[in-house]
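Peer 1: Numbering (the numbering used here), first residue to last: 1 to 214. Glycine included, C-beta positions come from ideal geometry on N, C-alpha and C. Dropping the structure in here first, questions after.
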Ligand SMILES: [Fe+2]
Ligand SMILES: [Fe+2]
């Protein structure tokens with residue numbers, strides 16, 4: 001059967017649909033099983049729960065941004081293989097988003113109220129770097145995933161020792177972000193200039209500090 005070519009309007013509608021399902025909790029069913037699904041809940045004090053929820057809210061906000069970045073990149077990617085690769089990564093990021101949301105509910109909390117801001121900012125950055133060409137867009141993804149991995153590592157240090165459920169989710173996310181970064185490098189990512197890397201770190205810091213509380 002011949003595949004139908006997507007028109008710009010199809011893409012726009014698909015993009016709007018994705019934005020809505022990302023921002024509006026509940027995100028819906030993840031395609032893959034939650035890595036914390038078979039793990040028993042442990043006894044956490046109120047203080048530990050609040051801290052774990054803050055960290056998982058930051059991770060959820062990161063996944064909102066990841067959705068937007070990959071969708072933004074996919075929309076302007078020139079090479080159809082790269083577009084597909086980004087779409088595949090976006091699907092995995094959607095599972096991460098749903099797992100984080102599930103964990104937030106279990107911890108008696110909720111996602112960041114600023115999700116629409118995280119989404120629109122990241123979408124604009126994704127599309128803008130994509131317009132510069134695939135190698136820069138891939139470079140942006142490789143650097144983002146590298147920074148995200150480092151950040152998830154720090155959360156593994158910070159999460160309460162006995163919060164096995166959050167740890168299982170963050171561990172699988174870290175492994176998959178690492179893979180996304182490697183795939184981007186293999187596909188021809190350019191290394192971003194150091195000042196831009198620093199700017200990205202600064203932006204991420206503002207976002208993580210805010211999403212922990214809001
Ligand atoms: Fe992710
Ligand atoms: Fe990723």
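(1) What does a CB cutoff of less than 7 Å around residue 32 pick up in its chain, not counting 5 residues either side in sequence?
(2) Measuring CA to CA, which of 43, 58, 66 and 40 is closest to residue 207?
(3) CB residue 184 to CB residue 136, shorter than 8 Å?
(4) Should residue 130 and residue 188 be called a contact, given that it needs their Cβ atoms to be closer than 8 Å?
(5) Buried or exposed: which applies to residue 146, given that a residue is buried once 16 or more other Cβ atoms fall within 10 Å of its Cβ?
(6) Note down, in chain order, each residue of its chain lying with its Cβ closer than 7 Å to the Cβ of residue 85, except the 5 sequence neighbours on either side.
(7) When you compare the CB positions of residue 68 and residue 139, do they come within less than 8 Å of one another, or not?
(8) Hey, is residue 155 close to ligand 2, as in C-beta under 7 Å from one of its heavy atoms?
(9) Quick one, are the C-beta atoms of residue 49 and residue 107 less than 8 Å apart?
(10) Going by the C-beta, is residue 142 closer than 7 Å to any heavy atom of ligand 2?
(11) Quick check on this structure: which residue in 80, 100, 141 and 88 has the alpha carbon closest to the alpha carbon of residue 35?
(12) Mapping DSSP to helix, strand and coil, what is residue 42?
(13) What whole-angstrom Cβ distance do residue 19 and residue 109 have, given they're in contact under 8 Å?
(14) Let me check understanding here. Comparing Cα to Cα, which of 97, 42 and 124 lies closest to residue 62?
(15) Consult DSSP for residue 209 and reduce its assignment to one of helix, strand or coil.
(16) Do residue 119 and residue 89 count as a contact pair if the criterion is CB distance below 8 Å?
(17) Considering only the beta carbon of each residue, do residue 55 and residue 196 sit closer than 8 Å?
(18) I need the DSSP call for residue 33, collapsed to helix, strand or coil.
Peer 2: Inspection of the coordinates gives the following:
(1) On the chain shown, residue 32 is found 32 positions in, with the first residue counted as 1. Hits under 7 Å: 95.
(2) Taking the chain shown and counting its residues from 1, one reaches residue 207 at position 207. Here the closest residue by C-alpha is 58.
(3) In the chain shown, counting from the first residue as 1, residue 184 sits at position 184. In the chain shown, counting from the first residue as 1, residue 136 sits at position 136. Going by C-beta atoms, residue 184 is not nearer than 8 Å to residue 136.
(4) Working through the chain shown from its first residue, we reach residue 130 at position 130. Working through the chain shown from its first residue, we reach residue 188 at position 188. Against a cut-off of 8 Å, the Cβ pair of residue 188 and residue 130 comes out as no contact.
(5) By one-based count along the chain shown, residue 146 stands at place 146. Using a 10 angstroms sphere on the CB of residue 146, the tally of other CB atoms reaches 16 or more, which defines it as buried.
(6) Here residue 85 corresponds to residue number 85 of the chain shown, with the count starting at 1. Contacts found: 183 and 187.
(7) Locating residue 68 in the chain shown gives position 68, where the first residue counts as 1. Locating residue 139 in the chain shown gives position 139, where the first residue counts as 1. With contacts defined by Cβ atoms closer than 8 Å, residue 68 and residue 139 do not form a contacting pair.
(8) To locate residue 155, count along the chain shown from 1; it is residue 155. No, Cβ of residue 155 sits at least 7 Å from all heavy atoms of ligand 2.
(9) Here residue 49 refers to the residue found at position 49 when the chain shown is read from its first residue. Here residue 107 refers to the residue found at position 107 when the chain shown is read from its first residue. For residue 49 and residue 107, yes; Cβs fall inside 8 Å.
(10) Reading the chain shown from its first residue, position 142 is the one you call residue 142. Relative to ligand 2, residue 142 has its C-beta separated by 7 Å or more from all heavy atoms.
(11) The count along the chain shown starts at 1 and reaches residue 35 at position 35. Considering only alpha carbons, the answer is 100.
(12) In the chain shown, the residue the question calls residue 42 occupies position 42. Three-state DSSP puts residue 42 in coil, outside helix and strand.
(13) Translated into positions along the chain shown, residue 19 becomes position 19. Translated into positions along the chain shown, residue 109 becomes position 109. Actually they are not in contact, since the Cβ atoms of residue 19 and residue 109 sit about 23 Å apart, beyond 8 Å.
(14) The residue given as residue 62 occupies position 62 in the chain shown. Among 97, 42 and 124, the Cα nearest to that of residue 62 is on 97.
(15) Translated into positions along the chain shown, residue 209 becomes position 209. Reduced to three states, the DSSP call for residue 209 is helix.
(16) Counting from one through the chain shown, the residue named residue 89 turns up at place 89. Counting from one through the chain shown, the residue named residue 119 turns up at place 119. It is not a contact, given that the beta carbons lie outside the stated cut-off.
(17) Walking along the chain shown from the start, residue 55 turns up at place 55. Walking along the chain shown from the start, residue 196 turns up at place 196. It is not a contact, given that the beta carbons lie outside the stated cut-off.
(18) Here residue 33 refers to the residue found at position 33 of the chain shown. Coil at residue 33, not helix or strand.
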